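Undergrad:
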Amino acid sequence: MVVVSASAANLKATVTAALALAVLALAYAAAPAHAQRCGVQAGGAPCPDSLCCSKYGYCGRSCDHCGAGCQSQCARHGGAAAPATMPQHRCGAQAGGAACPGGLCCSRYGYCGLGADHCGAGCQGQCAAGGVASVLTRELFDRMLLHRDDAACPARGFYTYDAFVAAARAFPAFAATGAAAARKREVAAFLAHTSHETSGGPYSWGYCYKEVKARSHVGALRAERAVALRIEQDVPCSRAHADLLVRKPPSLNYNYGPAGEAIGADLLSNPELVTADPVVAFKTALWLWMTPRSPTQPSCHAVTTGQWVPAPADRAARREPGFGLTTSILTGGLSCGATSGRVAFYKRYCDVLGVGYGPNLDCTGQAPFDGVIRSSAQ
């Protein structure tokens, strides 16, 4: 009798477990049915079968989909007729051929934005195929600069993914030159140097500051002052001179005259633009990255993408392609004895992007470019 009762109990438990698993299986089977993306999160795409598009960009018929924040087709299921979070800028064929502001992509559905849903298949304008957005997604950007919007960071809310991508459109060769590995390493190297200059701590705290912290960046400031003095005659006189070695988001932006001319902004008269407009801030840093500091040395872009080939004199001076040479270029060689922070940022960002580090990570022992040795470029 005991055996029979035990068997019955086991059978009941087995049936109960089977029913529970069946319910779960049905739930999981049903879940993807309305998981299609829509709205702002999918380039303005509508839902199929007249389903509501929720505030989070998913299709369905529930109150969560058709209620507060519903983006489209809401009234058909008793929801609000006016979408609360639809994109503000229309473009393309749906808007008389209008272009998006700020260099944004126009999606197939006629909405402005960034990312694959806007700039990928069906994009109507300013698609920038192969640009930085194809190497660095918003999710990867957020992983790299994990704490940039922390409450302890004075620059919180300033450095955004959209501002970075918009600025990069002014330099179409950035992150779009060479093989995939070279493009990833260039992004990692650029973000490593700029993170080092704006860091609020170890290697997840890049872009914490808009302006350099004087005490913790004394070496960088001295290096820039030495470089700036060598080229001071090329910068027109203005009140910006007093700011050049202090106001530098997000990198070594002492040369406001040529930078402003290149990006179409009067930075000499309005140096505060660099700390007020994140797109301008990124553009000035990218200009420095993409532009040779003098006729006798390559740009950081040329080094990281393999376009620069060292001449025999460069090899004799131990100047070889790699992340280390970009440190030498940006600091005039004066930071080559203390590169561990930059290298650590670079390694972490390469790891996030899934790419190898490449050779010559530091510039210890390299002779800086001095205006005499000329290098060859492909």
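In mature numbering (1 follows the signal peptide of the UniProt record, and there is no 0), the protein residues as written are -35 to -1, 1 to 343.
All C-beta atoms, glycine included, are put in the ideal place defined by N, C-alpha and C.
All figures in this text were calculated on a predicted structure; none of them were measured in a lab.
1) Does the pairing of the region 253 to 269 with the region 129 to 141 give three or more beta-carbon distances under 8 Å?
2) Give me, in chain order, the residues of the same chain whose beta-carbon lies closer than 7 Å to that of F333; leave out the 5 immediate sequence neighbours on both sides.
3) Looking at the secondary structure, which residues open and close the alpha helix (DSSP H) in which P243 lies?
4) Looking only at its own chain, which residues have a Cβ that is under 7 Å from the Cβ of W252, when we skip the five neighbours before and after it?
5) How about A128 and D82: are their beta carbons less than 9 Å apart?
6) Exposed or buried, C328, counting other C-beta atoms within 10 Å across all chains shown (16 or more means buried)?
7) Below 9 Å between beta carbons: does that hold for S19 and C35?
8) Identify the residues that DSSP records as bridge partners of R55: which are they?
9) Taking the C-alpha atoms as reference points, what is the distance between A157 and L101?
10) So, is A78 buried or exposed, given that buried needs 16 or more other C-beta atoms within 10 angstroms?
11) Relative to the alpha-carbon of A309, which residue among R55, L233, C88, T159 has its alpha-carbon at the smallest distance?
12) Give the straight-line distance between the Cα atoms of G330 and V97, rounded to the nearest whole angstrom.
13) Residues bridged to Y23 by DSSP?
14) Can you grab the Cα-Cα spacing for the pair G90 / Y76, in whole Å?
15) Mind checking whether V320 and A86 have CB atoms under 9 Å apart?
16) Hey, V245 and A132: beta-carbon distance below 9 Å or not?
17) Given a cut-off of 9 Å on the beta-carbon distance, is the pair C3 and G22 in contact?
18) Whole angstroms is fine: what's the gap from I196's alpha carbon to R258's?
19) Per DSSP, S37 forms a beta bridge with which residues?
20) Closest to C84 by C-alpha separation, out of T249, M109, A60, C56, would be which residue?
21) What does the Cβ neighbour count give for G302, buried or exposed, with the cut at 16 atoms within 10 Å?
TA: The answer reads as follows:
1) By the C-beta criterion, the region 253 to 269 is judged to be in contact with the region 129 to 141, since at least 3 inter-stretch pairs fall below 8 Å.
2) Locating residue 333 in the sequence shown gives position 368, where the first residue counts as 1. Here the sequence assigns Pro to residue 333, which means Phe is not the residue at that position. Taking C-beta separations shorter than 7 Å and ignoring five residues to either side along the sequence, the partners of P333 in its chain run S293, G297, G298, following chain order.
3) Taking the sequence shown and counting its residues from 1, the one referred to as residue 243 is at position 278. Judged by DSSP secondary structure, P243 falls within the alpha helix (DSSP H) whose first and last residues are 243 to 255.
4) Within the sequence shown, numbered from 1, the residue matching residue 252 stands at position 287. If we look at W252 and ignore the five residues flanking it on each side, its Cβ neighbours are A224, A227, I228.
5) Within the sequence shown, numbered from 1, the residue matching residue 128 stands at position 163. Within the sequence shown, numbered from 1, the residue matching residue 82 stands at position 117. No, these two residues do not count as a Cβ contact at 9 Å.
6) Within the sequence shown, residue 328 is the residue found at index 363, counting from 1. C328 comes out buried.
7) Indexing the sequence shown from 1 puts residue 19 at position 54. Indexing the sequence shown from 1 puts residue 35 at position 70. Yes; because the gap between Cβ atoms is below 9 Å, this pair is in contact.
8) Residue numbering aside, residue 55 sits at position 90 when the sequence shown is read from its first letter. For R55, which the question treats as bridged, DSSP gives the partners Y76.
9) Here the question's residue 157 lines up with position 192 in the sequence shown. Here the question's residue 101 lines up with position 136 in the sequence shown. Per the coordinates, the alpha-carbon of A157 lies some 14 Å from the alpha-carbon of L101.
10) Within the sequence shown, residue 78 is the residue found at index 113, counting from 1. Here residue 78 is Gly; the residue named in the question, Ala, does not match the sequence. Classification for G78: buried.
11) Translated into the one-based positions of the sequence shown, residue 309 becomes position 344. Cα-wise, what sits closest to A309 is T159.
12) Numbered from its first residue, the sequence shown carries residue 330 at position 365. Numbered from its first residue, the sequence shown carries residue 97 at position 132. Spanning the two alpha carbons is a distance of roughly 33 Å.
13) Within the sequence shown, numbered from 1, the residue matching residue 23 stands at position 58. According to DSSP, which records beta bridges pairwise, Y23 is partnered with R2.
14) Indexing the sequence shown from 1 puts residue 90 at position 125. Indexing the sequence shown from 1 puts residue 76 at position 111. About 11 Å.
15) Within the sequence shown, the letter at position 355 stands for residue 320. Within the sequence shown, the letter at position 121 stands for residue 86. The beta carbons of V320 and A86 sit no closer together than 9 Å.
16) Residue mapping note: residue 245 aligns to position 280 of the sequence shown, counting from 1. Residue mapping note: residue 132 aligns to position 167 of the sequence shown, counting from 1. Yes; because the gap between Cβ atoms is below 9 Å, this pair is in contact.
17) Here the question's residue 3 lines up with position 38 in the sequence shown. Here the question's residue 22 lines up with position 57 in the sequence shown. Their beta carbons are under 9 Å apart, which means C3 touches G22 by this criterion.
18) As a position in the sequence shown, residue 196 is number 231, starting the count at 1. As a position in the sequence shown, residue 258 is number 293, starting the count at 1. Unreliable positioning characterises I196 in this predicted model, as indicated by a pLDDT of 36, which lies under 50. A coordinate reading is not provided.
19) For the purposes of this step, residue 37 is taken as the residue at position 72 of the sequence shown. Bridge partners of S37: C18.
20) Position 119 of the sequence shown, counted from the first residue, corresponds to residue 84. Comparing Cα-Cα distances from C84 to each of T249, M109, A60, C56, the minimum goes to C56.
21) Walking along the sequence shown from the start, residue 302 turns up at place 337. It counts as exposed.
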